[in-house]
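Enquirer: Let me give you the structure first, and then I'll get to my questions.
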Amino acid sequence: MTLMVQNTLSGKLEEFVPVREDQVGMYVCGINTYDDSHMGHAKAAVTFDIIRRHVEKKGYNVKYVINFTDIEDHCIERAIKLDWPLDKLTDKYIAEYHKDMSALGVRKADVYPVASHHMGDIIDAIQKLIDKGMAYESGGDVYFRVAKVKNYGVLSKQKLEDMQAGARIDIDEKKENPMDFTLWKVKKENEPFWSSPWSEGRPGWHIECSVMSMKYLGETFDLHGGGTELVFPHHENEILQSEALSSKPFVKYWLHGGLMNVGSEKMSKSLNNFFTIKDVLKEFDPLVVRFFLLNTHYKKPIDFNDTALEEAKRSLSRLQNTLDNTRNALAKADDTITDGLVGIAEQAIKNFDKAMDNDFNSRDAIASMFDFAKEVNKYLESTSISKNSIEAILRSFDEFDDRLTIFRESSGGLDNELVDDLMQVLIDIRKDARASKNFELSDKIRDKLKELGITIEDTADGVKWKMS
RNA sequence: GCCGAGGUAACAUAGCGGCUAUGUGGGGGCCUGCAGAGCCUCAAACGGGAGUUCAAAUCUCCCCCUCGGCCCCA
16 MTLMVQNTLS
26 GKLEEFVPVR
36 EDQVGMYVCG
46 INTYDDSHMG
56 HAKAAVTFDI
66 IRRHVEKKGY
76 NVKYVINFTD
86 IEDHCIERAI
96 KLDWPLDKLT
106 DKYIAEYHKD
116 MSALGVRKAD
126 VYPVASHHMG
136 DIIDAIQKLI
146 DKGMAYESGG
156 DVYFRVAKVK
166 NYGVLSKQKL
176 EDMQAGARID
186 IDEKKENPMD
196 FTLWKVKKEN
206 EPFWSSPWSE
216 GRPGWHIECS
226 VMSMKYLGET
236 FDLHGGGTEL
246 VFPHHENEIL
256 QSEALSSKPF
266 VKYWLHGGLM
276 NVGSEKMSKS
286 LNNFFTIKDV
296 LKEFDPLVVR
306 FFLLNTHYKK
316 PIDFNDTALE
326 EAKRSLSRLQ
336 NTLDNTRNAL
346 AKADDTITDG
356 LVGIAEQAIK
366 NFDKAMDNDF
376 NSRDAIASMF
386 DFAKEVNKYL
396 ESTSISKNSI
406 EAILRSFDEF
416 DDRLTIFRES
426 SGGLDNELVD
436 DLMQVLIDIR
446 KDARASKNFE
456 LSDKIRDKLK
466 ELGITIEDTA
476 DGVKWKMS
């Protein structure tokens, strides 16, 4: 099965063929480190996490890089406002980012380069662009000379002339062309700064990504991701700078994820309509949040609201129930029987992979899991259960979980012996009550426990309980 | 204005030439003392209009609407 990816650069679904055999390079634009991450950041992190996992599953050795931008306007403003040194602020929010993503079950990247730690590389790159005639110094600023490139608009499919016509571009005396973008800018008063051959100042927004991605992944690498709002100008400019520096193609496949909306507006700091990951995780299980994010193809926007999360919770519990019921069936499974579920379980993994091969269609992969769950549920109602089959089903669920991380380990309680023993006492009392048809008492026990978040279920295999 | 992504049953999402999809919700049935879980089953769809085709939700054209980008932003 071949992996197909929707490449923003070509606008087409293309077969994924890595640049190099030994390694796939993947770079995703991370956050500005001045505040807690919100659900939009969570969407990006989770989607590229599962993309990375699937590429690895295809047998590639992935080197995954996510950057931190710690020198842009928001960071500086916030640091000045709090009267903190810049690195105190950015260290704090880098740590918070890692906490949030870890809570969300996002696997770590291999490298997290920080812009301010690469100032020497950035300055060298700018100097090289000036030497090549691709950039010029003007009043302490340095600008990229857009007129020198032929492929302006390769990514965003825009023409230079059209851009200038409708855009709100300040006429800047310092620029040769209004579309020229900043590589280095002179400091303003009170701002943190770095010394450079041109002035005391700091880099423009785009150059850090070019420098850091090429430093860790080489001048040409495979996958570059981010949200759609970054296509222009950020990613467009990254391409221009990088290719001007290396004279080689920069990135083979560009992947852009849809945004998180609230109502019909995108979630963003500037619109002040964001929900932080921390706040959402107070209300919802991280596994539910992941399921919610993955239940839509990553290119599409997702509307954030409680109703949708609640529905995700109910949907996911259907799969979780099947998994729990399968685990419970292991005890009564017969190891002398062999039957057909092994093949169905193996096919389920293939169906899952097939969906993921189609531009990482996690939504379709999830649908395939529901199909599988239905087969399993039917099987679990049959009179004789094969141990082979149960183990095969559990292997399939393990595989799904490796790829998506959406299942709970076990349905049980707190891993606390005292609680287990107390529950057993209650269950025994209730059992006696039911035996003597004292349903009033048995239902009271069940209802009261329910209020405490403990669910009692009478099943054919005995009484089961779980924390909800 | 210019570029990009969309409009699928009550809702949320897949599909993107022939097989009517997945979940939530709703109706009916089975199982159960009742719940829960599960099974069976029913209702319900492709923004509008032309065209291509034996066949279109899927292709082409036109129109309408939504969101995103063109200052910062995953």
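For what it's worth, our numbering labels the leading residue of the first sequence as 16, then goes sequentially. Idealized CB from N, CA, C, for every residue including glycine. None of the values given here were measured: they were computed from a predicted structure.
1. Give the straight-line distance between the Cα atoms of Thr-48 and Ile-471, rounded to the nearest whole angstrom.
2. Since Ser-153 is in the beta strand (DSSP E), which residue starts that stretch and which ends it?
3. Could you tell me how far apart the beta carbons of Ile-81 and Phe-375 are, in whole angstroms, since I believe they sit closer than 8 Å?
4. Checking the sheet assignment: what are the DSSP bridge partners for His-239?
5. Pairing CB atoms from the stretch 241-248 with CB atoms from the stretch 70-80, are three or more of them under 8 Å?
6. Glu-30 lies in the beta strand (DSSP E); which residues open and close that run?
7. Is the distance from the Cβ of Asn-310 to the Cβ of Ala-327 below 9 Å?
8. Would you list the residues sitting across from Glu-307 in a DSSP beta bridge?
9. Which residues in the same chain have their Cβ closer than 8 Å to the Cβ of His-133, if we skip the five residues on either side of it in sequence?
10. In terms of alpha-carbon separation, which member of Glu-152, Asp-195 and Asp-125 lies closest to Ile-138?
11. Start and end of the alpha helix (DSSP H) containing Met-54?
12. I'd like the span of the alpha helix (DSSP H) that includes Phe-415, first residue to last.
13. Output needed for Asn-340: all residues of its chain with C-beta closer than 6 Å, excluding positions within five of it in sequence on either side, in chain order.
14. Compute the beta-carbon to beta-carbon distance between Ser-401 and Asp-354, rounded to the nearest angstrom, for a pair I have assumed lies under 8 Å.
15. Which whole runs of the alpha helix (DSSP H) in the stretch 320-407 are 4 residues long or more, in chain order?
16. When you compare only the Cα positions, how much space is there between Leu-334 and Ala-407?
17. Where does Thr-105 fall in DSSP's three states?
18. Counting pairs of beta carbons, one from the stretch 103-121 and one from the stretch 193-200, are three or more of them closer than 8 Å?
19. Would DSSP call Lys-163 helix, strand or coil?
20. Please report how far the alpha carbon of Asp-515 lies from the alpha carbon of Glu-390, in whole angstroms.
21. Taking the beta strand (DSSP E) that Asp-473 belongs to, which residues open and close that run?
22. Which residues bound the beta strand (DSSP E) around Gln-142?
23. Since Trp-209 sits in a beta bridge, which residues does DSSP pair it with?
24. Which one of Tyr-313, Arg-445, Pro-33 and Tyr-79 has the shortest CA to CA distance from Gly-45?
25. Using the rule of at least 16 other Cβ atoms within 10 Å of the residue's Cβ for burial, across every protein chain shown, is Asp-146 buried or exposed?
26. Between the stretch 52-59 and the stretch 290-305, are three or more C-beta pairs nearer than 8 Å?
27. Keeping to the same chain, check which residues put their C-beta closer than 7 Å to that of Trp-269; ignore five residues upstream and five downstream.
28. Just list the residues that DSSP pairs Phe-83 with in beta bridges.
29. Going by beta carbon distance, what residues of the same chain come within less than 6 Å of Ala-388, once the five residues before and after it are set aside?
30. Return the bridge partner residues of Thr-197 from the DSSP annotation.
31. Please return the same chain residues whose Cβ sits closer than 6 Å to the Cβ of Gly-277, not counting the five positions on each side in sequence.
32. Looking at Glu-424: is its Cβ nearer than 9 Å to the Cβ of Trp-220?
33. Spell out the partners DSSP gives Gln-21 in its beta bridges.
Expert: Walking through what the data contain:
1. 45 Å
2. 150-153
3. Incorrect: roughly 17 Å between the Cβ atoms, too far for contact.
4. Tyr-42 and Trp-269
5. no
6. 27-30
7. yes
8. Sequence inspection shows Phe at residue 307; the Glu mentioned does not correspond to that position. Phe-307 pairs with nothing; no bridge assigned.
9. Glu-223, Val-226, Met-227 and Lys-230
10. Glu-152
11. 54-72
12. 402-419
13. Leu-395
14. 5 Å
15. 321-344, 356-372 and 377-395
16. 16 Å
17. helix
18. no
19. helix
20. One cannot answer for residue 515 here, as it falls past the ends of the chain, which runs 16 to 483.
21. 469-474
22. Premise fails: Gln-142 lies in the alpha helix (DSSP H), 134-146, not in any beta strand (DSSP E).
23. Gly-216
24. Tyr-79
25. exposed
26. yes
27. Asn-22, Thr-23, Leu-24, Leu-170, His-239 and His-250
28. Val-129
29. Leu-334 and Thr-337
30. Tyr-158
31. Before going on, a small fix: residue 277 reads as Val here, not Gly. Once the five neighbours on either side are set aside, the close Cβ partners of Val-277 are Asn-288 and Phe-319.
32. no
33. Leu-28
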